[in-house]
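Worksheet: the structure to be examined is printed underneath.
Residue numbers (our numbering): 612 to 684.
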């Protein structure tokens, strides 16, 4: 009889282990998806930062040209 109880307990523990493993696998999948989203957002932000830098450089060039033009007047 003790062997039966032991087997039942081992079976329950095994079932619980399977449930926990399944939950962990699902959580890992969600984390991976979120990390992919974060990477995409980081790339988008970097792209915007690069574009903003280009605009600042262009604005600086225009400001210098305007200054030179005003000096030559």
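From the three backbone atoms N, C-alpha and C, an ideal C-beta is built for every residue, glycine too.
How big is the Cα-Cα spacing for residue i and residue j?
| i | j | result |
| --- | --- | --- |
| residue 646 | residue 618 | 41 Å |
| residue 661 | residue 669 | 12 Å |
| residue 625 | residue 632 | 10 Å |
| residue 672 | residue 657 | 23 Å |
| residue 616 | residue 654 | 57 Å |
| residue 663 | residue 623 | 59 Å |
| residue 641 | residue 620 | 31 Å |
Reducing DSSP to helix, strand and coil, say where residue i ends up.
| i | result |
| --- | --- |
| residue 615 | helix |
| residue 672 | helix |
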